[in-house]
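Worksheet: one structure, shown below.
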Amino acid sequence: MTDVNAVTTHYGGQHLSEQILNALTEEGIDIESLDWKQLAAIDQFHTRGLPATREQAALAAPEAGTKVIDIGCGAGGPARCLVAEFGCSVTGIDLTPEYIEIAEMLTARCGLSDGAKFHAADALDLPFDDGAFDLGWSQNVSMNIADKTAFYAEIYRTLRPGGKFVSSDVVTGLGGEAEWPLPWAREPSISFVVTPEDMRVAMKHAGFHIAEWRDTTGEAIAVFQNPNQQARRGRLGVGLIAGPDFGERSANLAKGLADSAFASVLVLAEKR
Ligand SMILES: C[S@@+](CC[C@H](N)C(=O)[O-])C[C@H]1O[C@@H](n2cnc3c(N)ncnc32)[C@H](O)[C@@H]1O
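When the count follows the numbering used here, it moves up by one through the sequence shown with no breaks and lands on 1719 for the last residue.
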């Protein structure tokens, strides 16, 4: 079982909202009326940032009004993209209360609160009815969850028949030793990275039909090797929500991908 308190301690921090607003102000950005795209350097807490979110959305192909549940929504960056660019209605849940507070605050300042709501909740116990959503969405969350079948089964439960689940994740590669700390864990006790095959089996046990399975490792390595592609401006960076050691954690992931300790995948599954 995952120690959920250890997970929220890993991600959370004090005064994060204040630090984000201060950093935005220092960059000359009007924090009373934000454009969600201005936040992309901070709030896309996953491998390859906003381009990966757009790629994931293109695979899921949501329509205007699609009801999305974003499981492990973090600070809400992907949710704001789905609302602003695709017209989705998004419900974001996350274990880390500080991230939910940031997600609500930034979404309000972007004028997108009608399209995105956020709740503190555990992915293994979603506070929603069976069949409530059209599309399940997850980015770089499963690595913190020990019981993968329970994770996918709970998402499956909340989707309507015909609903889709789209997810990007880090999985194990063909070799190489991981170095710590990593973006999702500073030490092994809250890290549950599995082989692509084990992930596939867990999704199938939960009931999903796997419609597409993409290995995105090459794209991830390319982005890590080209720091200019990682949108960053002045003080603005994922470290504002992930913590001041994010550079080291991110570099260890880059090394792990290059050494084949890790791989990354983008998966589209269906509830038939
Ligand atoms: C690497 S961050 C990704 C955040 C967001 N998906 C994004 O791409 O910007 C992982 C997130 O998963 C959340 N998380 C981990 N375990 C969870 C669980 N059991 N239930 C809900 N959220 C969880 C963490 O709190 C954290 O916000």
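Virtual Cβ for every residue (Gly too), placed ideally from N, Cα, C.
Going by DSSP in three states, H1462 sits in which element: helix, strand or coil? Walking along the sequence shown from the start, residue 1462 turns up at place 15. Residue state, collapsed to three classes: coil.
Would you check if the distance between the CB atom of P1509 and the CB atom of L1582 is smaller than 7 Å? Start at 1 with the first residue of the sequence shown, and residue 1509 comes out as number 62. Start at 1 with the first residue of the sequence shown, and residue 1582 comes out as number 135. Contact: yes.
Whole angstroms is fine: what's the gap from S1464's alpha carbon to L1481's? For the purposes of this step, residue 1464 is taken as the residue at position 17 of the sequence shown. For the purposes of this step, residue 1481 is taken as the residue at position 34 of the sequence shown. One C-alpha to the other measures close to 14 Å.
Per DSSP, the bridge partner or partners of K1595: Against the sequence shown, residue 1595 aligns to sequence position 148. Its beta-bridge partners do not exist; DSSP assigns none.
Inter-stretch contact at 8 Å, needing at least 3 Cβ pairs: the stretch 1547 to 1561 / the stretch 1521 to 1539: yes
Anyone know if the C-beta pair for D1569 and R1604 falls short of 7 Å? Residue numbering aside, residue 1569 sits at position 122 when the sequence shown is read from its first letter. Residue numbering aside, residue 1604 sits at position 157 when the sequence shown is read from its first letter. The answer is no: Cβ separation not under 7 Å.
Just the C-alpha distance for G1686 and F1575, rounded to the nearest angstrom, thanks. Translated into the one-based positions of the sequence shown, residue 1686 becomes position 239. Translated into the one-based positions of the sequence shown, residue 1575 becomes position 128. G1686 and F1575: Cα-Cα distance of roughly 31 Å.
Could you work out which residue in D1450, V1515, C1528, M1448 is closest to A1487 when comparing CA atoms only? Taking the first residue of the sequence shown as position 1, residue 1487 is located at position 40. Of the candidates D1450, V1515, C1528, M1448, the one whose C-alpha sits nearest the C-alpha of A1487 is C1528.
If you draw a straight line from the alpha carbon of T1472 to that of E1479, how long is it in whole angstroms? In the sequence shown, residue 1472 corresponds to position 25, counting from 1. In the sequence shown, residue 1479 corresponds to position 32, counting from 1. If I take the Cα positions, the gap works out to 10 Å.
8 Å contact criterion, which T1494 and A1667 should meet: CB distance rounded: Locating residue 1494 in the sequence shown gives position 47, where the first residue counts as 1. Locating residue 1667 in the sequence shown gives position 220, where the first residue counts as 1. Rounded, the Cβ-Cβ distance is 5 Å, consistent with contact.
Simplified DSSP state of D1517, which is helix, strand or coil: Taking the sequence shown and counting its residues from 1, one reaches residue 1517 at position 70. Note: D1517 maps to strand in three-state DSSP.
For G1562, which option in D1541, S1536, L1573, A1453 has the closest C-alpha, if you only look at C-alpha atoms? Along the sequence shown, one-based indexing puts residue 1562 at 115. Of D1541, S1536, L1573, A1453, the residue nearest in Cα terms is S1536.
Taking 7 Å as the CB-CB limit, is M1646 close to chain B? Any reference to chain B falls outside this structure, which holds one protein chain only.
What's the call for M1448, buried or exposed, on a 16-neighbour Cβ count within 10 Å? One-based indexing of the sequence shown puts residue 1448 at position 1. M1448 is exposed by the Cβ-count criterion.
DSSP puts T1494 in a beta bridge; with which residues? What you label residue 1494 is simply residue 47 of the sequence shown in a count that begins at 1. Its beta-bridge partners do not exist; DSSP assigns none.
T1619 versus V1712: straight-line alpha-carbon distance, rounded: By 1-based counting over the sequence shown, the position of residue 1619 is 172. By 1-based counting over the sequence shown, the position of residue 1712 is 265. Cα to Cα, the separation comes out at about 10 Å.
Looking at N1591: is its Cβ nearer than 7 Å to the Cβ of I1637? Position 144 of the sequence shown, counting from 1, holds the residue named residue 1591. Position 190 of the sequence shown, counting from 1, holds the residue named residue 1637. In contact: N1591 and I1637 (Cβ atoms closer than 7 Å).
According to DSSP, is P1691 helix, strand or coil? Counting from one through the sequence shown, the residue named residue 1691 turns up at place 244. In the structure shown, P1691 sits in coil (DSSP, three-state: anything other than H, G, I, E or B).
Does the Cβ of A1570 lie closer than 6 Å to at least one heavy atom of ligand 1? By 1-based counting over the sequence shown, the position of residue 1570 is 123. Yes, since a heavy atom of ligand 1 falls inside the 6 Å radius drawn around the Cβ of A1570.
I'd like the list of long-range same chain contacts for R1696, defined as Cβ closer than 6 Å, with 5 residues on each side in sequence excluded. On the sequence shown, residue 1696 is found 249 positions in, with the first residue counted as 1. Excluding residues within five positions, the ones whose Cβ falls inside 6 Å are P1628, L1629, P1630.
Length of the line joining the Cα atoms of D1572 and F1671: Position 125 of the sequence shown, counted from the start, is the residue given in the question as residue 1572. Position 224 of the sequence shown, counted from the start, is the residue given in the question as residue 1671. Straight-line Cα distance between these residues: approximately 34 Å.
Could you pull out every residue in the same chain whose Cβ sits closer than 6 Å to the Cβ of E1545, ignoring the five residues on either side in sequence? In the sequence shown, counting from the first residue as 1, residue 1545 sits at position 98. G1459, L1463, listed in sequence order.
Determine the closest residue to C1557 out of F1598, D1477, K1611, T1513, with distance taken between C-alpha atoms. Working through the sequence shown from its first residue, we reach residue 1557 at position 110. Looking at the Cα atoms, D1477 is the closest of the given residues.
Helix, strand or coil: how does DSSP classify D1645 here? The residue labelled residue 1645 in the question sits at position 198 within the sequence shown. Correct three-state label for D1645: helix.
Just the C-alpha distance for E1659 and A1507, rounded to the nearest angstrom, thanks. Numbered from its first residue, the sequence shown carries residue 1659 at position 212. Numbered from its first residue, the sequence shown carries residue 1507 at position 60. Cα-Cα distance, rounded: 10 Å.
Taking the alpha carbon of G1519 as the point to measure from, which residue in E1624, P1608, A1531, H1566 has its own alpha carbon closest? In the sequence shown, residue 1519 corresponds to position 72, counting from 1. Cα-wise, what sits closest to G1519 is H1566.
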